[in-house]
C-alpha cells in the first residue's frame, strides 16, 4: 500500500477513509469519479495491498490484476466485479456482496469470505488454499481447477456449484448445503464432509480417500468409479446412490443407509458394514 | 501466529508447527516422524524451534523425537511418565512459546496420558476426537472417560473453536456438537 489509511474527514465520522480518498464511502461525494480513478489506478498497476475499501458500492467495476493482498473489503457491494488474476491473499471480504463476479485465477490464499454473497461467481483455477468461505452463499459458483486445499466451506450454500477437478483435500465442508453440486474428478481426500447435504451431487472419478462424510446426506449421489478407500460413511444416507465400480476398500459404512444403492462391481474388501441398511439381495 | 500442518507417512498422522510471528520461536506438536519437509519449513521461515508438545505417547505421535533432538536443542513437554519428557504438564498449565500462550487440558480416554493444547481459537486434540468420530479405545471405561473429556473440556470451549486432530481433516466444535454420532445422546 503506497498511502496510509486515514480517518474519514467528515466531521464526527468514526469510519476510516477508503483508499485513494479522504472520506469513507458513505461521505464520499464524487462516487462516479472514484470508480474511474480506481479502475485507472488498478490498470496502471497501483499497489492497493492492505487498502481500506470497506462498504464501497461499485457494480460491474473492472479491476483485473488488482493488487489487493490483505485489503479490507468487508461489507462491500461489488456485484459483477472483474477481479480475474487479482491478488487478494489474506484479504478481508466478510459479508461482501460479489455475486456474478469474475474471480478466475485469483490469488486468494487465506482470504476471508465468511458470510459473503458469492452466487454464480467464477473462481476457476483460483488459488484459495486456507481461504474461509464459512456460511458463504456460493450457489452456482464455479471452482473448476481451483485449489481449495484446507479451505473452510462449513455451512456454506453450495447448491449447483461446480468443483470439478478442484483440489479440496483437507477442506472442511461439514454442514454445507451442496445438493446437485459437481465434484467430478475433484480431490476430496481427507476432507471433512460431516453432516453435509450432498443429495444428487456428482463425484464421478473423484478421490475421497480417508474423507469423512459421516451423517452426510448422499441420497441419489453419483459416486461412480470414485476412490472411496477408507472413507468414513458412518450413519450416512446413501440411498439410491450410484456406487458402480467404486473402490470402497476399508471404508466404514456402519449404520449407513444403502437402500437402492447401485454397488455393481464396487470393491467392498475390508469395508465395515455393521448395522448398515442394505437391500436384501446386496446382503 | 504461524500454523503449518504436515501429513506424516506414519499412520497418516498430522504434525503441526506453531510459531510466534513476533519472536519466531516455534513449537512442534506430535512429531510422529522427523522429515526434511518439516526441517525445511523451519529454516525457510527462520523459526527457532524451542519446544515439542506431545498429545499422547503413541509411537505415531512421538516416533520422530530422537531424530528431532539430534537436530534441535529442544525440550519435550508431555504428560508425566514419558521417557523423553523434559517438562511434565498438568491440567490448566500455560506453556509459552514467544508471545503465544498455550493452555494445557488433560483429556484422558484414547490414552490415560492424553493432552489437548489450546492456542486462541485453535485446539490440538491429538486422537481424542476426529471429524465425525472419536479416538479408538480398548474398553468401555476408557470410552466413557473419552466422552467425558470431550463433553467437559472440548465442547465448552465454544462453537467457533477449530479442532486440529491427530489424523484426518480439521473440524469445528460446532460441527462435532451437531453431527458427531458418538456425542448425540
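Chains as they are written, first to last, in our numbering: chain A, 35 to 317; chain B, 19 to 203. Glycine residues also receive a C-beta, built at the ideal position from the N, C-alpha and C atoms.
Taking C-beta to C-beta, are residue 192 (chain B) and residue 170 (chain B) nearer than 7 Å?
The count along the second chain starts at 1 and reaches residue 192 (chain B) at position 174. The count along the second chain starts at 1 and reaches residue 170 (chain B) at position 152. The answer is no: Cβ separation not under 7 Å.
Is there a Cβ from chain A that is less than 7 Å from the Cβ of residue 181 (chain B)?
By one-based count along the second chain, residue 181 (chain B) stands at place 163. Closer than 7 Å: no.
Using a threshold of 7 Å, state whether the C-beta atoms of residue 204 (chain A) and residue 240 (chain A) are closer than that.
In the first chain, the residue the question calls residue 204 (chain A) occupies position 170. In the first chain, the residue the question calls residue 240 (chain A) occupies position 206. Taking 7 Å as the Cβ cut-off, residue 204 (chain A) and residue 240 (chain A) do not qualify as a contacting pair.
With 7 Å as the limit, tell me which residues of the region 224 to 236 of chain A have their beta carbon closer than that to any beta carbon of chain B; keep them in chain order.
224, 225, 226, 228, 229
Closest Cβ-Cβ distance between residue 209 (chain A) and chain B: below 7 Å?
For the purposes of this step, residue 209 (chain A) is taken as the residue at position 175 of the first chain. Chain B contact via Cβ: present.
Nearest candidate by alpha-carbon position, reference residue 127 (chain A), set A:145, A:156, A:155, A:42:
Counting from one through the first chain, the residue named residue 127 (chain A) turns up at place 93. Cα-wise, what sits closest to residue 127 (chain A) is A:145.
Output needed in chain order: residues of the region 23 to 42 of chain B with a Cβ under 8 Å from some Cβ in chain A.
23, 25, 30
Determine whether the beta carbon atoms of residue 134 (chain A) and residue 149 (chain A) lie at a separation below 7 Å.
Within the first chain, the letter at position 100 stands for residue 134 (chain A). Within the first chain, the letter at position 115 stands for residue 149 (chain A). No.
Can you find a C-beta in chain B that's less than 7 Å from the C-beta of residue 11 (chain A)?
Coverage of chain A is limited to positions 35 through 317, which leaves residue 11 (chain A) absent and any answer about it impossible.
Name the chain A residues whose beta carbon is nearer than 8 Å to that of residue 193 (chain B)?
Here residue 193 (chain B) refers to the residue found at position 175 of the second chain. Going along chain A in sequence order, the residues near residue 193 (chain B) (Cβ under 8 Å) are 188, 206, 208, 209, 226, 228, 229.
Decide if residue 180 (chain A) is buried, meaning its Cβ has at least 16 other Cβ atoms within 10 Å, or exposed.
Residue numbering aside, residue 180 (chain A) sits at position 146 when the first chain is read from its first letter. Classification of residue 180 (chain A): buried, given that the 10 Å Cβ count is 16 or more.
Short CB-CB distance (under 7 Å) between residue 203 (chain B) and chain A
Numbered from 1 along the second chain, position 185 holds the residue referred to as residue 203 (chain B). Closer than 7 Å: no.
Grouping DSSP H, G and I as helix and E and B as strand, with all else coil, what is residue 44 (chain A)?
Within the first chain, the letter at position 10 stands for residue 44 (chain A). The three-state reading of DSSP puts residue 44 (chain A) in coil, since its state is none of H, G, I, E or B.
DSSP state of residue 345 (chain A), grouped into three classes?
Here chain A has residues from 35 to 317 only, and residue 345 (chain A) is not among them.
Evaluate the contact criterion for the region 95 to 105 of chain B versus the region 137 to 151 of chain B: three or more CB pairs, one atom per stretch, below 8 Å.
These segments do not touch.
Under 8 Å: do the region 115 to 123 of chain B and the region 219 to 235 of chain A share three or more Cβ pairs, one atom per stretch?
no
For the alpha helix (DSSP H) holding residue 66 (chain B), just list the boundary residues, first then last.
Locating residue 66 (chain B) in the second chain gives position 48, counting from the first residue. Careful: residue 66 (chain B) lies outside any alpha helix (DSSP H), inside the beta strand (DSSP E) at 66 to 71.
Under 7 Å Cβ-Cβ, which residues of chain A neighbour residue 150 (chain B)?
Along the second chain, read from residue 1 onward, the residue named residue 150 (chain B) stands at position 132. Near residue 150 (chain B) (Cβ distances below 7 Å), the residues of chain A are 228, 246, 248, 249, 266, 268.
For residue 55 (chain A), tell me which candidate among A:40, A:45, A:235 has the shortest Cα-Cα distance.
Start at 1 with the first residue of the first chain, and residue 55 (chain A) comes out as number 21. The shortest C-alpha separation from residue 55 (chain A) is found at A:40.
Just to confirm my understanding: we take residue 30 (chain B), look at its own chain, exclude 5 residues before and 5 after, and list those with CB closer than 8 Å. What are they?
In the second chain, counting from the first residue as 1, residue 30 (chain B) sits at position 12. Excluding its 5 nearest sequence neighbours in each direction, residue 30 (chain B) has C-beta neighbours in its own chain below 8 Å: 185, 186, listed in chain order.
Cβ-based neighbour list, residue 62 (chain A), same chain, cut-off 8 Å, excluding 5 preceding and 5 following:
If you number the first chain from 1, residue 62 (chain A) lands on position 28. The residues 52, 55, 68, in chain order, have a CB closer than 8 Å to that of residue 62 (chain A) in the same chain once the five nearest residues on each side in sequence are set aside.
Beta-carbon contacts of residue 189 (chain A) that lie in its chain and below 7 Å, excluding the five residues immediately before and after:
Locating residue 189 (chain A) in the first chain gives position 155, where the first residue counts as 1. Around residue 189 (chain A): 168, 169, 209, 210.
DSSP state of residue 155 (chain A) mapped onto helix, strand, coil
By one-based count along the first chain, residue 155 (chain A) stands at place 121. Here residue 155 (chain A) sits in coil by DSSP.
Whole angstroms are fine: how far does the CA of residue 58 (chain B) sit from the CA of residue 64 (chain B)?
Translated into the one-based positions of the second chain, residue 64 (chain B) becomes position 46. Translated into the one-based positions of the second chain, residue 58 (chain B) becomes position 40. About 10 Å.
I want to verify the contact list: residues of chain A whose CB lies under 7 Å from the CB of residue 186 (chain B), in sequence order.
Numbered from 1 along the second chain, position 168 holds the residue referred to as residue 186 (chain B). What residue 186 (chain B) touches in chain A: 224, 244, 246.
If you reduce the DSSP assignment to three classes, tell me which class residue 80 (chain B) lands in.
Against the second chain, residue 80 (chain B) aligns to sequence position 62. Residue 80 (chain B) falls in the helix class under three-state DSSP.
Within 8 Å, do at least three Cβ pairs link the region 297 to 309 of chain A to the region 272 to 286 of chain A?
yes
Residue 192 (chain B) in three-state terms, based on DSSP:
For the purposes of this step, residue 192 (chain B) is identified with residue 174 of the second chain, where counting begins at 1. Three-state result, residue 192 (chain B): helix.
Grab me the residues of residue 94 (chain B)'s own chain with a C-beta within less than 6 Å of its C-beta, minus the 5 sequence neighbours each way, in chain order.
For the purposes of this step, residue 94 (chain B) is taken as the residue at position 76 of the second chain. Same-chain partners within the cutoff: 70, 102, 103, 104.
Rounded to the nearest angstrom, what separates residue 42 (chain B) and residue 183 (chain A) at their Cα positions?
On the second chain, residue 42 (chain B) is found 24 positions in, with the first residue counted as 1. On the first chain, residue 183 (chain A) is found 149 positions in, with the first residue counted as 1. Just so you know, the alpha carbons of residue 42 (chain B) and residue 183 (chain A) end up roughly 25 Å apart.
Check residue 183 (chain B) in the structure and name its three-state DSSP category.
Working through the second chain from its first residue, we reach residue 183 (chain B) at position 165. Here residue 183 (chain B) sits in strand by DSSP.
So, with DSSP's three-state summary, where would you put residue 34 (chain B)?
Numbered from 1 along the second chain, position 16 holds the residue referred to as residue 34 (chain B). Correct three-state label for residue 34 (chain B): strand.
Using a Cβ-Cβ cutoff of less than 6 Å, which residues in the same chain neighbour residue 177 (chain A) once the five nearest sequence positions on both sides are dropped?
Position 143 of the first chain, counted from the start, is the residue given in the question as residue 177 (chain A). 157, 197, 200.
Straight-line gap, residue 257 (chain A) to residue 94 (chain A) (C-alpha atoms, nearest Å):
The count along the first chain starts at 1 and reaches residue 257 (chain A) at position 223. The count along the first chain starts at 1 and reaches residue 94 (chain A) at position 60. So the alpha carbons of these two residues sit roughly 38 Å apart.
DSSP on residue 205 (chain B), reduced to helix/strand/coil?
There is no way to answer for residue 205 (chain B), as the model of chain B reaches only from 19 to 203.
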